[in-house]
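Notes follow the structure.
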Amino acid sequence: SLVVLFGATAGAYGAKLGSDERELILLVWQVVDLHSKKVGTLHKSLVKADDLDLSDQCREASGLTPEGLGKAEPLDRVLQQFSQLVSSDLKVLGRSSYTLCSDGQLLIRQVLHPETSKKNFLLSDCFYSFYDLRKEFHTCYPSSAAVKDQTIKTMAEYLGLGTDETEEDFGVWQVKTMVAIIFSMLSESCNHIFTEPETVKYKYETGPWYVPLSYKSETVDSETVIRARGLPWQSSDQDIARFFKGLNIAKGGVALCLNAQGRRNGEALVRFVSSEQRDLALERHKHHMGSRYIEVYKATGEEFLKIAGGTSNEVAQFLSKENQVIIRMRGLPFTATQEDVLGFLGPECPVTGGKEGLLFVKYPDGRPTGDAFVLFSCEEYAQNALKKHKEILGKRYIELFRSTAAEVQQVVLNRYMSTPLIPTLPTPIIPVIPPPYTIATGSIRDCVRLRGLPYTAGIDDILEFMGDATADIKPHGVHMVLNQQGRPSGDAFIQMKSADKAFMVAQKCHKKMMKDRYVEVFQCSGEEMNFVLMGGTLNRSGLSPPPCKLPCLSPPAYAAFQTAAVIPAEAALYQPQALLPTTRTPQASAAAPPTVTYYPAQAAQLYMNYTAYYPSPPVSPTTVGYIAAPPGAVAAAATATHTPILPQPGALVRMQGLPYNTGMKEILSFFQGYQYAPDDYNGLIQLSDQARSVLQAPKEWVCL
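In terms of UniProt numbering, the sequence shown is residues 1 to 704.
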């Protein structure tokens, strides 16, 4: 038997059903006996939604009102009545089993499964298997329109059935017409057989997405992959699978993205079993996970491979056990052994395979990083382990988190790759000039930190958010924090004219709304700001130092940042003549005043391009982003500092692949025989003491 099912939500209708997260308000169904071609009673049930505000499209199509829905039963009660009434109708027809049949996949996959998941109650087994009437119709009538273009009305017109919807109530006409279409497909001329229903996976399958021995031959179809952005940092692969409830994710198809420091950056790549499922996933763009909306975009198979791929025999062996729950441990003492970890976890959460279920993460030279991954055979053992979060091992507290196979591969294999997992932006070249200003440091709390900014927020949005306080912002005082991909991280720092002004802004703007998100505003010092911009962290536990203090130019992200580019004066010693701006007369240069803006020149952000929240094993970024500066801005900044640009030819060189223990002497020795005499340059540029001592040494190369 089939149970023909039709439903509607309080929002979009038709091809956009479920795309706006609106709740179900109507269910109509009827049992059909395929053998005797008899039907049961047609049932129509209204559903009381939490939000009774109906869209104009819903009001017009359904004729329903908030008053009428207010008297209806909630969804869980309606589904109980559905099961009871279907069972009763089946008994009358002498049948015992049935499969649902709906007009397309949206009602089951995009409405019922997501809504019941959010409301924390389970659907019965019948909702995990159903027939898509559009697909069955196209199989029976190959000359009909494509599946994506089919509707109940077009199928009825193709068969010459009546299509006057006004004769019946909304929903009733649709179910009666679907039943008539099914009977036409069962006629002797067609004799269609319903054999292959659509299925919805009960749960997400964890584990490696590939067969370890055949990894190199595996490919990933780009039409099956999406990128989800804006995820809570503590979200696991199961949380993401729940967000996409109703859609079939491939085994091991959730790859949580990590930043260069080994922590989750709020993004994930998700691989679905088919392009059809991927297209449905894209319709969940800006749906909510808790209070956060999640952005969903297309991604490529190549990106998925970079995140979820792996070739290490050690990792492949660790992940070879099927259906295991993976927990990540962080903060282990460097002297911790396998026995220490097993003793810490205790008998209440036994590790799969004992020592074989532990994988310690190490630096390339074999030193432990303090991270480890642990396998558990069931959810109960994993939950017992998570209860030990922040318990003490030795003299350190240990953090425990849910993890994934893709995260294991990224952390163990890809942490020290020579190129980023996801490429940063292209690197055009700029001329360099001495800095017209410096970013403030010190312990005076004259800065504020904005946390939780919308990812689409720009400088103008921040200035509007600050309101009248923008008059108290220092010139070049707005600093956006970027993540490893050069995108906004949701953080920004503002330099105010005084500590009092910073305090007033923090009091006035804390948890004020920007677009559809509230933004947290905290008072901080210039020193704390610089620590975060360089890749350190600032939280309730205080400051954690950045993973690397060597300067690196952040990749460009905003066209608005195309102002004067600056790096330290020492770096300007060796400039190729081709990179210098066109020669200008003193009058022409003076006519171009220096630009005054609230944000720094992009290349002046001499800090690691890390998002602030992910301190873990250090990885130096390998892509240096330069940004082209307009000749006018270059000349203006040069005039403002009264420092001549060197006319002598020269070049800046960048070294990649240095041993980790390389010092300045080894670099100078490497370039022996290619030095320039420093005498011609000492009077031209004001040098720091460190740079001056290098220039006065026998080797005259400047190391930045």
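Note that beta-carbon positions come from the ideal geometry of N, C-alpha and C, so glycine has one too. These figures come from a predicted structure and were not determined experimentally.
Check                                                                                                       : Outcome
For G266 and G230, believed in contact at Cβ under 8 Å, the rounded distance                                : 6 Å
Neighbourhood of Q523 by C-beta, 7 Å cutoff - its chain only, sequence neighbours within 5 removed          : R445, V448, A502, F503 and A506
Extent of the continuous alpha helix (DSSP H) run through D76                                               : L75 to L93
P347, buried or exposed, once every other Cβ within 10 Å from all chains shown has been counted against 16  : exposed
F493 vs H479 beta-carbon contact at 7 Å                                                                     : yes
Segment contact flag, the region 7-17 with the region 51-59, C-beta cutoff 8 Å, min 3 pairs                 : yes
Collapsed DSSP secondary structure at T583 in the structure displayed                                       : Legend: pLDDT at T583 = 40, less than 50; position of this residue unreliable, no value from coordinates given.
Residues bridged to D33 [DSSP beta-bridge criterion]                                                        : K38
Cβ distance (whole Å) where G490 is taken to contact R451 below 8 Å                                         : 7 Å
Neighbour-count burial assignment, G354, 16 or more Cβ in a 10 Å radius                                     : exposed
Residue environment, H35, which counts as buried when at least 16 other CB atoms sit within 10 Å            : exposed
Proximity below 7 Å, CB of I226 to CB of R264                                                               : no
Y518, DSSP secondary structure in three states                                                              : strand
L533 to I473 span [Cα, whole Å]                                                                             : 18 Å
The ligand NAP heavy atom lying under 6 Å from the CB of G467                                               : The model on display carries no ligand, and the ligand NAP is accordingly not part of it.
Span separating the alpha-carbon of V374 from that of I327                                                  : 5 Å
Selected residue, minimal CA-CA separation from R22, among K118, V78, H43 and E528                          : K118
I433 (DSSP reduced to helix, strand or coil)                                                                : Below a pLDDT of 50, predicted positions are generally treated as unreliable, and I433, at 36, falls in that range; no measurement from the model is reported.
Reduced DSSP category for C447 - H, G, I as helix; E, B as strand; rest coil                                : strand
H113: first and last residue of the uninterrupted beta strand (DSSP E) it sits in                           : Not the beta strand (DSSP E): H113 falls in the alpha helix (DSSP H), residues H113 to K118.
Option in P66, W173, D149 and A499 with minimal Cα separation from G7                                       : W173
The region 195-209 touching the region 277-293, judged by at least three CB pairs closer than 8 Å           : no
Helix, strand or coil at F376 according to DSSP, with G and I counted as helix                              : strand
H510 to V481 span [Cα, whole Å]                                                                             : 19 Å
Bridge partner(s) assigned by DSSP for V368                                                                 : The sequence as given places Pro at residue 368; Val does not occur at that position. According to DSSP, which records beta bridges pairwise, P368 is partnered with K362.
Own chain partners of L2 with C-beta closer than 8 Å, once the 5 adjacent residues on each side are dropped : V31, V32, L34, Y98, T99, L100, C101, Y131, I182 and F194
Exposure label - T456; buried when at least 16 CB within 10 Å                                               : exposed
Member of F360, V408, A308 and L24 whose CA lies at the smallest distance from the CA of R109               : L24
Sequence-distant residues of its chain with Cβ nearer than 6 Å to F243 (five each side left out)            : M289
Nearest-angstrom Cα separation, counted from L26 out to F344                                                : 53 Å
As assigned by DSSP and simplified to three states, the class of residue 746                                : Limits of the chain in this structure are 1 at one end and 704 at the other, which puts residue 746 out of reach.
With 16 other Cβ atoms within 10 Å as the buried cut-off, status of R271                                    : buried
K44 vs V28 beta-carbon contact at 7 Å                                                                       : yes
C-alpha gap between I322 and P488, whole angstroms                                                          : Checking the sequence shown, residue 322 turns out to be Glu, not Ile. Taking the straight line joining both Cα atoms gives about 38 Å.
Nearest-angstrom Cα separation, counted from L332 out to E314                                               : 20 Å
Q383 in three-state terms, based on DSSP                                                                    : helix
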